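Residue numbers (the UniProt record's numbering): 1 to 350.
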Amino acid sequence: MYPQQYPPTAPPPAYPSNQVGFNSLSQTNDERMSKFQYLVNLYEINREFATRLRGLEGYEIAFIVDDSGSMNTPLGDLSGPFDHNPTRWDELRRTVSIVVDIASVFDPDGVDIFFLNREPMRNVKNAEELKPVFAMPPSGPTPIARVLRHVLQAKQLEVQERKLLILIATDGIPTNDSGQQDTKTLENVLRHERKPINRIPVTIIASKQLEVQERKLLILIATDGIPTNDSGQQDTKTLENVLRHERKPINRIPVTIIACTDDDECIGYLNNWDKKIPNLDVADDYKSERTEIHKVQGKEFPFSFGDYVVKVLMGAVDDWFDTLDERRVTGSGPPDRHGSKGKKSKCCIS
């Protein structure tokens, strides 16, 4: 039996008012759950996914967003001759907006969003806050490792009491600040700079070191290319090094990397990291994830865009989500986890 939409037929309830404030520390549990139910209905999240989403309780969440020039690339998803052709940047904005809405239920401080080439946004609690910054077109290199290292250092203290979940969305190979390709630095950070690594899962990573002492830190990184240094030279080594060695403690700082491209050459470096670096998850685009899951679970398995965002949020936190494209779900239980992990197919948010 497959999980059903939650609830299956009822319309979304009226969105509750902010008289007390859903995102304030004083909000009641009933208010939080009322907002959660509204969002589950709004984004058509199935019951099993919604239940597991509660695993984000107690996490600090950070999102690293690739705003390099390649994010201007059109997706090619025109449905009519006069339609606007959306770009990777447009689709990423949609994903980040849903993440902010959902995460605000579990993290009253809001989500910290770190860009590669512009100032960060702190304590974002409402998707409306994102409109001005996403209205500015992306440009610049892909220095993921430097930003990730900054996040880890800034959140180190908080990780002692709360886990840190890191999401990274990218569409290509990391670079150093000179724009040269550099996967080694990022790999080193992922392997050695998450301390303790078991408190810092990554679905790929960045800058939350101070808060990690009290709360876990979830970091999301969205990117469409190879990391660069500040000079625009490709540099994956620095980012890898940050993910491996600079998440301290790594078990309190999970990282998710969202690959925003269908160019396998640009994001091939992520496939090995997904298998070898602990507390790290790599997410494909919605269409690719849905295709892979339906191959295993069957086409009747519910997997809305809202479900996809939940999988992005939970992939580095709950490995049940990571096995949906490997073993068939029976009832509400997780798939068999003994199978080998296949190579990621395509990696664009679309």
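We put the beta carbon where it would ideally sit given N, CA and C, even for glycine. Only a predicted model underlies this, so the values are computations on that prediction, with no experimental measurement involved.
Is it true that the CB of residue j sits closer than 8 Å to the CB of residue i?
i           : j    : result
C266        : R88  : no
R194        : I253 : yes
S68         : G268 : no
residue 351 : N198 : As displayed, the chain neither begins before 1 nor continues past 350, which places residue 351 out of reach and without an answer.
Grouping DSSP H, G and I as helix and E and B as strand, with all else coil, what is residue i?
i    : result
K311 : helix
Q234 : strand
N123 : strand
R194 : strand
L217 : strand
K155 : strand
K163 : strand
T291 : helix
A169 : strand
V296 : helix
A316 : coil
At which residues does the beta strand (DSSP E) containing residue i begin and terminate?
i    : result
F134 : No beta strand (DSSP E) holds F134; the alpha helix (DSSP H) holding it covers 131-135.
N198 : 197-199
S178 : 178-183
D112 : 111-115
By alpha-carbon positions, which one of the options ends up nearest to residue i?
i           : options                : result
M314        : I277, T256, N29        : T256
residue 353 : T236, V111, M136       : The chain is shown from 1 up to 350; residue 353 falls before or after that span and cannot be answered.
M121        : S70, D177, D107, A62   : A62
G317        : N41, N117, T291, I200  : In the sequence as displayed, the identity of residue 317 is Val instead of Gly. Residue I200 is the option with its Cα nearest to V317.
V96         : T223, R244, K184, D325 : T223
D307        : R93, R52, V105         : R52
E219        : K155, P132, I173, E119 : The question names Glu, but residue 219 in the sequence shown is Ile. Among K155, P132, I173, E119, the Cα nearest to that of I219 belongs to K155.
W167        : D284, D90, Q233        : In the sequence under discussion, the amino acid at residue 167 is Leu, which differs from the Trp named in the question. Nearest option by C-alpha distance: D284.
F115        : P249, V282, R149, Y38  : R149
C179        : N229, E161, V133       : Looking at the sequence shown, residue 179 is not Cys but Gly. Selected option, being the one with the closest Cα: N229.
L92         : A169, A50, K275        : A169
E119        : V133, R328, E128, R327 : V133
V282        : N271, K276, G55        : N271
Quick check on the DSSP output: the alpha helix (DSSP H) that includes residue i runs from which residue to which?
i    : result
I98  : 88-106
D322 : 319-322
### Message
Which complete alpha helix (DSSP H) runs does the stretch 35-79 hold, if anything under 4 residues is left out?
### Response
47-53
### Within the stretch 220-279, ranges of the beta strand (DSSP E) (whole runs, at least 3 residues)
231-236, 255-259
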